[in-house]
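J.:
Protein chains: 2
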Amino acid sequence: MLNSYFKKNEALSAPIQLDLNTTLLQLAYNEAGLIPVITQDATNKRILMFAWMNKQAIELTIASKKMTYWSRSRNKLWIKGETSGHVQTLKSMAFDCDGDAILCEVDQTGSACHTGREHCFYLDIDLDKKQVNVPPSPL
Amino acid sequence: MLNSYFKKNEALSAPIQLDLNTTLLQLAYNEAGLIPVITQDATNKRILMFAWMNKQAIELTIASKKMTYWSRSRNKLWIKGETSGHVQTLKSMAFDCDGDAILCEVDQTGSACHTGREHCFYLDIDLDKKQVNVPPSPL
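If you're matching them up, the sequences are chains D and X in order.
For the first sequence, position 9 matches number 8 in numbering that gives the first Met the number 0, and the numbering has no gaps at all.
For the second sequence, position 27 matches number 26 in numbering that gives the first Met the number 0, and the numbering has no gaps at all.
Dropping the structure here:
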């Protein structure tokens, strides 16, 4: 599971810079060529959604600054907001220590969730009552 | 990909409550029985790490309030901080709209990353220079 490309950067006495294209080749894509992506609101730091990208989607997102995912249900590239207008403008992107996940901060236009809710993580667990609270939809 | 259990809660005119145990059975675990978990600092909202849980890990996390993941490299349950002392105390948990990801807010003791850095997403991309900036390790 551990990739030596990332392993060698764990202990550093001074900052270094890696080439982006070389790093993209080293990410821990799964057997379908996909890597998990966490999308966070750059302003209020809320987690908006969780999705997947392939290498091309990462490259298109960086080039266009428009969040572009791989839709596993439609099996194709998916520019977020292409039909709804609820685009996400990329503000920052980071990889984690072992190169198996991506964190993107974005400016969100409209609602992030296709249900009309502001974010996708609306199924909130009441840890004491062992219940899942689901809020009404604004649509 | 869409699960009718979650689909039917997309459009709601009033809030509802779901049974937690029933919902846990409906989550979109992958072929290895795992679901992605995003761990966020409950105080400063920083994304600390990304990992995986199976159903048992979710149940243990809820029961103990100590974040318990499934280690894919060691192929076993992994109580975060069990050896390092850098435990994560669960403050809130939520599922996303289609039940294929979990968001947990935690109180982090010590550093979240095994490299000693405060969080795992320290490989920061310079979108203009097409470089990845890696900060030094505190260890």
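We put the CB at the ideal spot given by N, CA and C, even for glycine.
Against chain D, with Cβ distances strictly below 8 Å, would X/Met-92 count as a contact?
T.: Chain D contact via Cβ: present.
J.: Give the straight-line distance between the Cα atoms of D/Ile-57 and D/Tyr-68, rounded to the nearest whole angstrom.
T.: Taking the straight line from one Cα to the other gives about 8 Å.
J.: Kindly list the residues whose CB is nearer than 7 Å to the CB of X/Ile-124, restricted to its own chain and excluding five residues on each side of it in sequence; keep chain order.
T.: The answer, listed in chain order, is Val-131.
J.: Between D/Leu-138 and D/Tyr-121, what straight-line distance do the alpha-carbon atoms span, to the nearest angstrom?
T.: Using only the alpha carbons, I get a separation of about 15 Å.
J.: Just mark X/Gly-98 as buried or exposed, buried being the case when its beta carbon has 16 or more other beta carbons within 10 Å.
T.: The residue in question, X/Gly-98, is buried, as its Cβ has 16 or more Cβ neighbours within 10 Å.
J.: Interface residues of chain D around X/Ala-41 at Cβ under 7 Å?
T.: What X/Ala-41 touches in chain D: nothing, since even the nearest Cβ is about 11 Å away.
J.: Just checking my contact of X/Thr-60 with X/Leu-89 at CB under 8 Å: how many whole Å lie between their CB atoms?
T.: Yes, they are in contact, since the Cβ atoms of X/Thr-60 and X/Leu-89 sit about 6 Å apart, within 8 Å.
J.: What did DSSP end up calling X/Leu-33 once you bin it into helix, strand or coil?
T.: X/Leu-33 falls in the coil class under three-state DSSP.
J.: Going by beta carbon distance, what residues of the same chain come within less than 6 Å of X/Lys-7, once the five residues before and after it are set aside?
T.: Here the set comprises nothing.
J.: Taking all protein chains shown into account, do 16 or more other C-beta atoms lie within 10 angstroms of the C-beta of D/Cys-119, making it buried, or fewer, making it exposed?
T.: Buried: at least 16 other Cβ atoms inside 10 Å.
J.: With DSSP run on the structure shown, which of helix, strand or coil describes X/Leu-19?
T.: The answer is helix: DSSP assigns X/Leu-19 an H, G or I state.
J.: Around the C-beta of D/Glu-30, are 16 or more other C-beta atoms found within 10 angstroms, so that it is buried, or is it exposed?
T.: D/Glu-30 is exposed by the Cβ-count criterion.
J.: Please identify, using Cβ separations under 8 Å, the residues of the segment 11–29 of chain D that lie next to chain X, in order along the chain.
T.: Hits within the stretch, in order: Leu-11, Ser-12, Ala-13, Pro-14, Ile-15, Gln-16, Leu-17, Asp-18, Leu-19, Asn-20, Thr-22.
J.: Counting only runs of 4+ residues fully inside the segment 24–69 of chain X, write out the alpha helix (DSSP H) ranges in chain order.
T.: Listed in chain order, the complete alpha helix (DSSP H) runs (minimum 4 residues) inside the segment 24–69 of chain X are 54–63.
J.: I need the straight-line Cα distance from X/Leu-24 to X/Tyr-4, nearest angstrom please.
T.: Near 10 Å, if we compare the C-alpha coordinates of X/Tyr-4 and X/Leu-24.
J.: Need the endpoints of the alpha helix (DSSP H) that X/Lys-6 sits in, please.
T.: 3–6 is the span of the alpha helix (DSSP H), which, as asked, contains X/Lys-6.
J.: With burial defined as no fewer than 16 other Cβ atoms inside 10 Å of the residue's Cβ, what is the status of D/Glu-104: buried or exposed?
T.: It counts as buried.
J.: For X/Cys-103, does the three-state DSSP call read helix, strand or coil?
T.: Looking at X/Cys-103 - three-state DSSP - the assignment turns out to be strand.
J.: Suppose the cutoff is 6 Å on Cβ atoms and the five residues either side in sequence are ignored; what does the same chain contact list for X/Glu-117 look like?
T.: Same-chain partners within the cutoff: Ser-110.
J.: Quick one, which of X/Tyr-28, X/Leu-47, X/Ser-63 has its alpha-carbon nearest D/Phe-94's?
T.: If we check each option's Cα against that of D/Phe-94, X/Leu-47 comes out closest.
J.: Can a CB atom of chain D be found closer than 8 Å to the CB of X/Ala-100?
T.: Chain D contact via Cβ: present.
J.: Residues of the segment 66–93 of chain X in Cβ contact with chain D at a cutoff of 8 Å, in chain order, please.
T.: The residues in question are Arg-71, Ser-72, Leu-89, Ser-91, Met-92, Ala-93.
J.: Note the first and the last residue of the continuous beta strand (DSSP E) segment covering D/Val-131.
T.: From DSSP, the beta strand (DSSP E) with D/Val-131 extends over 130–133.
J.: Using a Cβ-Cβ distance cut-off of 8 Å, determine whether X/Met-0 contacts chain D.
T.: Bear in mind that a pLDDT of 47 at X/Met-0, under 50, signals an unreliable position, so the model cannot answer this.
J.: Can you find the residues in the same chain that come closer than 6 Å, C-beta to C-beta, to D/Gly-83, ignoring five residues on each side of it along the sequence?
T.: Correcting the residue type first, residue 83 of chain D is Ser in the shown sequence and not Gly. Counting only Cβ-Cβ distances below 6 Å, and skipping sequence neighbours, we find nothing.
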